[in-house]
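A.B. asks: In my numbering, the protein residues as written are 4 to 508.
Glycine residues also receive a C-beta, built at the ideal position from the N, C-alpha and C atoms.
Below are the structure tokens for one structure; questions will follow.
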């Protein structure tokens, strides 16, 4: 679908804010440089870990999302909200939780040693993939769950009245939905893993586990070779755009049309085997995702009284930045919720935050003190980074609304504003709430540009956690990390409430 005038304006703004900093870095560095030694190894490891991580995340998310779509039980809404927590956790906080469960002295290795079995090392390629699946399985599950919930109840009633077998149900209803949703989910997660930094740095296990993002970090931090960093960032962007284009081609397909928004019991999950299978998948996903979170909570509770007053000021800054990022991201996402717009939005997470931050610093410095604009620039970059997720959530539903109601709206003579207010936004309430909640939570936990721009008076909560860890105040850092987790979940829940109500329907 071609971009409309409002979408073209949004696309130009996003493109300028992503490619502009890269161009500024190249000009400041006096042009590009070579890719540097070890690029081939970094490229191979980056592609292998990103492909495995995205494939496993989507593969495991399918039965988990199917089970959640078919089952109703006490606490289901709370479980769906909590299952999204790993994705919105600050990376280092989550990695510490993973090490507490899967590390050498973690719960899994203790259990294996008690059974006389060999231990498990979390470091290396398998550790990086494990961490990425931990982060991205919740995102894939929610994206696919949205697809299941978008199937009109009338289609399920018709399948039940025709007496379709479970296999026929999969072929005629579930497989077409997955073919439309899963490739886009794979592309988004693949791009996330392409730009992995903290996970590869902490769990990579050595030089052989170097990603392109780590090579960019080395070029900026140790060599100050901004030209090479910019070239590597462009290579990373090219890989992400290629993945996005392939996924969009594979995800072509029509939706199921409109329904009457009725609630229907999932008859295909009534058998004992289906109930057992769904229960097993839900329990396994809950254990895998919630055990590291529990360790963060247990370690953080004693540290809450030890937090300095600066942590609370940083929390206020983080909430303000998160709300600003959410508004800005949705302003871009609504007009860009098309196939072409989704490709434009991928640049936000494909480009290195290190290069974006450095480029913005170079652009802002001649006109103002970058430290005075630290929170504004952070909100801007956070909105760009969250934009691909918002588009992946909104685009399938937005295209379905246009296909189902555009002709009727044109026949009624609705103005663009009336169309947006009366038709478009109400039909997008569930995915819009999910997108807003995810954007706010991701912004709360981000530690990117603020690390380059911040001064002591403009600290966000993730940066406060890192500074406490750096000063070896580990108990206070654990308490601040727990506060960060609670605020992120609270913002996610508040925005996503409409989506969770529909999910429980």
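Could you give the first and the last residue of the continuous alpha helix (DSSP H) run that contains residue 189?
C.D. replies: For the purposes of this step, residue 189 is taken as the residue at position 186 of the chain shown. Per DSSP, residue 189 belongs to the alpha helix (DSSP H) from 178 to 197.
A.B. asks: Might you give, ordered along the chain, the residues of its own chain that have their beta carbon closer than 6 Å to the beta carbon of residue 366, omitting 5 neighbours on each side?
C.D. replies: Here residue 366 is taken as the residue at index 363 of the chain shown, counted from 1. The residues are 27.
A.B. asks: Are the beta-carbon atoms belonging to residue 347 and residue 17 less than 8 Å from one another?
C.D. replies: Within the chain shown, numbered from 1, the residue matching residue 347 stands at position 344. Within the chain shown, numbered from 1, the residue matching residue 17 stands at position 14. Against a cut-off of 8 Å, the Cβ pair of residue 17 and residue 347 comes out as a contact.
A.B. asks: Please state if the CB of residue 197 and the CB of residue 143 are separated by a distance shorter than 8 Å.
C.D. replies: Here residue 143 refers to the residue found at position 140 when the chain shown is read from its first residue. Here residue 197 refers to the residue found at position 194 when the chain shown is read from its first residue. Cβ distance not < 8 Å, so residue 143 and residue 197 don't count as in contact.
A.B. asks: Do residue 25 and residue 354 have their beta-carbon atoms positioned less than 8 Å apart in this structure?
C.D. replies: Position 351 of the chain shown holds residue 354. Position 22 of the chain shown holds residue 25. For residue 354 and residue 25, yes; Cβs fall inside 8 Å.
A.B. asks: So the candidates are 494, 141, 19 and 218; which of them puts its Cα closest to the Cα of residue 322?
C.D. replies: Taking the chain shown and counting its residues from 1, the one referred to as residue 322 is at position 319. Answer by Cα proximity: 494.
A.B. asks: State yes or no: is the C-beta of residue 150 within less than 8 Å of the C-beta of residue 192?
C.D. replies: Position 147 of the chain shown, counting from 1, holds the residue named residue 150. Position 189 of the chain shown, counting from 1, holds the residue named residue 192. No, Cβ-Cβ distance for residue 150 and residue 192 is not below 8 Å.
A.B. asks: Smallest Cα separation from residue 400: which of 92, 178, 146 and 75?
C.D. replies: As a first step, residue 400 must be located in the chain shown, where it is residue number 397. The shortest Cα separation from residue 400 among 92, 178, 146 and 75 belongs to 146.
A.B. asks: Ignore the nearest five residues each way along the sequence and tell me which others in residue 333's own chain have a CB closer than 8 Å to its CB.
C.D. replies: Start at 1 with the first residue of the chain shown, and residue 333 comes out as number 330. Result list for residue 333: 393, 435, 438, 439 and 442, in chain order.
A.B. asks: Once you ignore the five residues that flank residue 258 on each side, which residues in its own chain have a CB closer than 6 Å to its CB?
C.D. replies: Counting from 1 along the chain shown, the entry for residue 258 is found at position 255. Below a pLDDT of 50, predicted positions are generally treated as unreliable, and residue 258, at 49, falls in that range; no measurement from the model is reported.
A.B. asks: Checking 8 Å against the spacing of the C-beta atoms, do residue 410 and residue 340 come in under that value?
C.D. replies: Taking the first residue of the chain shown as position 1, residue 410 is located at position 407. Taking the first residue of the chain shown as position 1, residue 340 is located at position 337. For residue 410 and residue 340, no; Cβs fall outside 8 Å.
A.B. asks: Assign residue 355 to one of three DSSP states: helix, strand, or coil.
C.D. replies: Locating residue 355 in the chain shown gives position 352, counting from the first residue. It is coil, neither helix nor strand.
A.B. asks: Quick one: what does DSSP say residue 477 is sitting in, helix, strand or coil?
C.D. replies: Taking the chain shown and counting its residues from 1, the one referred to as residue 477 is at position 474. In the three-state DSSP reduction, residue 477 falls in the helix class (H, G or I).
A.B. asks: In the structure shown, what three-state DSSP assignment does residue 472 receive?
C.D. replies: Counting from 1 along the chain shown, the entry for residue 472 is found at position 469. It is helical.
A.B. asks: Please look up how many angstroms separate the CB atoms of residue 55 and residue 132, rounded, as I've assumed it's under 8 Å.
C.D. replies: Position 52 of the chain shown, counted from the start, is the residue given in the question as residue 55. Position 129 of the chain shown, counted from the start, is the residue given in the question as residue 132. So it is a contact: roughly 5 Å between Cβ atoms.
A.B. asks: Classify residue 480: buried if its beta carbon has 16 or more other beta carbons within 10 angstroms, exposed otherwise.
C.D. replies: In the chain shown, the residue the question calls residue 480 occupies position 477. Under this definition residue 480 is a buried residue.
A.B. asks: With respect to the alpha helix (DSSP H) encompassing residue 205, which residues constitute its N-terminal and C-terminal limits?
C.D. replies: Here residue 205 is taken as the residue at index 202 of the chain shown, counted from 1. Its alpha helix (DSSP H) spans residues 201 to 206.
A.B. asks: For residue 320, does the count of other Cβ atoms within 10 angstroms reach 16, so buried, or fall short, so exposed?
C.D. replies: Mapped onto the chain shown, residue 320 falls at position 317. Looking at its Cβ environment, which holds 16 or more other Cβ atoms inside 10 Å, residue 320 is buried.
A.B. asks: For the alpha helix (DSSP H) containing residue 310, name the first residue and the last one.
C.D. replies: Here residue 310 refers to the residue found at position 307 of the chain shown. No alpha helix (DSSP H) holds residue 310; DSSP gives it neither H nor E.
A.B. asks: Measure from the alpha carbon of residue 306 to the alpha carbon of each residue in 475, 136 and 373, then state which is nearest.
C.D. replies: Translated into positions along the chain shown, residue 306 becomes position 303. Answer by Cα proximity: 475.
A.B. asks: Restricting to runs no shorter than 4 residues, where is the alpha helix (DSSP H) found entirely within the stretch 74 to 129?
C.D. replies: 79 to 86, 88 to 91, 94 to 105 and 110 to 117
A.B. asks: Rounded to whole angstroms, what's the CA-CA distance from residue 46 to residue 60? Just pull it up for me.
C.D. replies: Along the chain shown, read from residue 1 onward, the residue named residue 46 stands at position 43. Along the chain shown, read from residue 1 onward, the residue named residue 60 stands at position 57. C-alpha separation (whole angstroms): 21 Å.
A.B. asks: Secondary structure at residue 415, three-state DSSP: helix, strand or coil?
C.D. replies: In the chain shown, counting from the first residue as 1, residue 415 sits at position 412. Looking at residue 415 - three-state DSSP - the assignment turns out to be helix.
A.B. asks: In chain order, what residues of the same chain have a beta carbon less than 7 Å from the beta carbon of residue 14, not counting five sequence neighbours either side?
C.D. replies: The sequence position of residue 14 within the chain shown is 11, counting from 1. Result list for residue 14: 6, 339, 344 and 347, in chain order.
A.B. asks: Residue 299 to residue 89, Cα distance in whole Å?
C.D. replies: For the purposes of this step, residue 299 is taken as the residue at position 296 of the chain shown. For the purposes of this step, residue 89 is taken as the residue at position 86 of the chain shown. If you take the alpha carbons of residue 299 and residue 89, they lie about 11 Å apart.
A.B. asks: Which residue comes first and which comes last in the alpha helix (DSSP H) that contains residue 423?
C.D. replies: Sequence index remark: in the chain shown, residue 423 carries index 420 (1-based). Taken as a continuous stretch (DSSP letters only), residue 423 belongs to no alpha helix (DSSP H), as it is neither H nor E.
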